[in-house]
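Trainee: Each number in full-length UniProt numbering corresponds to the 1-based position in the sequence shown with 610 added.
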Amino acid sequence: LQLNNAMHFALARGELSLHYQPQFSLQDGHIVGAEALLRWQHPEMGSLSPAEFIPIAEDNGQILAIGEWVLRTAVTQLKHWIDGGMAPMVVAVNLSAVQFRHPNLLTMVTQILDEVGLPPQYLELELTEAMAMDNPMAAIALMNQLHERGIRMAIDDFGTGYSSLSYLKKFNVSKLKIDQSFVRDISDGQDDKAIVTAIINLAASLNLKTIAEGVESASQLAFLRLQGCDEAQGYYFSKPLPVAAFEAFVQAQQ
Ligand code: G
Ligand code: G
Ligand code: MN
Ligand code: NA
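1. Within 10 angstroms of its Cβ, does residue 768 collect 16 or more other Cβ (buried), or is it exposed?
2. Given the structure, does residue 702 come close to ligand 3, in the sense that its CB is under 8 Å from one of the ligand's heavy atoms?
3. Have a look at 758, 660, 667, 832 and flag the residue whose alpha-carbon is nearest the alpha-carbon of residue 615.
4. Around the Cβ of residue 736, are there at least 16 other Cβ atoms within 10 angstroms (buried) or fewer (exposed)?
5. Along the chain, where does the beta strand (DSSP E) that runs through residue 762 open and close?
6. First and last residue of the beta strand (DSSP E) that includes residue 701?
7. Less than 9 Å between the C-beta atoms of residue 731 and residue 685, yes or no?
8. Rank 649, 833, 631, 746 by C-alpha distance to the C-alpha of residue 710 and give the top, closest one.
9. Taking one C-beta from the region 818 to 827 and one from the region 659 to 675 each time, how about it: are there three or more such pairs within less than 8 Å?
10. May I have the straight-line CA-CA distance separating residue 784 from residue 703, to the nearest angstrom?
11. Below 8 Å, is the gap between the Cβ of residue 620 and the nearest heavy atom of ligand 2?
12. Considering only the alpha carbon of each residue, which of 727, 681, 674, 717 lies closest to residue 693?
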């Protein structure tokens, strides 16, 4: 209840911010993207995790306003970076199931891109298998419309949810994000090695790119590169960073 009330004021009081985690090409090591991750700094309760407050925001309906704010902020930030001369990259934004089901999603996203003037191919929307499989026909139709507008989509936490391979073929996404639970145990677990390899090969056969999440060590990275994974993100490279720190990180890479 306390969080519920506080959330009504969080946006207006400027307590929300986005951190950005860099994503790297495993081909040439360049930064090719940034995942926007929501942060809430409450004056009394301190920093709150989205894992905690997003489910509440989904219940009380605030997720629509918050989700729109996240999208507008991330798209505006990337436009600002590109205009300022930063090498172009993609910004990845997490969608909530509530946003994905909402009939206004396509209009909302395209309006923000138009308003800001960011070409749609710079935006990647992350959705989970569960979100797509809740109503696969509606999801396929929406993904087709988003794709027609040039907006990319990625399946987040891939491998942890249930999605049939026949549907995966129909989902108009460009990337699978290999869940960090599989990446974590690459270095010692034969099973997780086999799963990661299987996902990379599956993606390749469906013409999808792969990005590994939660990469924390050089040995995980070496295995992923050997198997032909396209991209990676994780603490090994960088944790999610506030804007100024992200800018400094990118500058130091160049
Ligand atoms: O960054 P962190 O590990 O604290 O994120 C925890 C969870 O919150 C992850 O599942 C992540 O996808 C989710 N999350 C982070 N930012 C957003 C956001 O802007 N929108 C939605 N819907 N989920 C987010
Ligand atoms: O559900 P989603 O994949 O969007 O959530 C990403 C979450 O993983 C964020 O909370 C982010 O802070 C966290 N994260 C990012 N990199 C790493 C990492 O290398 N290790 C761990 N344990 N968590 C990570
Ligand atoms: Mn994500
Ligand atoms: Na994930």
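We put the CB at the ideal spot given by N, CA and C, even for glycine.
Mentor: The relevant details are as follows:
1. Buried.
2. For residue 702, the distance from the CB to the nearest heavy atom of ligand 3 is below 8 Å.
3. When each option's Cα is compared against that of residue 615, the closest is 667.
4. Residue 736 is classed as buried because its beta carbon has at least 16 other beta carbons within 10 Å across all chains shown.
5. Counting along the chain, the beta strand (DSSP E) containing residue 762 begins and ends at 762 to 768.
6. Here the beta strand (DSSP E) through residue 701 covers 700 to 704.
7. No, the pair does not count as a contact, with Cβ atoms beyond the cut-off.
8. Distances from the alpha-carbon of residue 710 to those of 649, 833, 631, 746 put 746 closest.
9. Touching, no, given that fewer than three Cβ pairs across the two stretches are closer than 8 Å.
10. So the two alpha carbons sit approximately 14 Å from each other.
11. Distances between the C-beta of residue 620 and the heavy atoms of ligand 2 are all 8 Å or more.
12. Ranking the options by Cα distance to residue 693, first place goes to 727.
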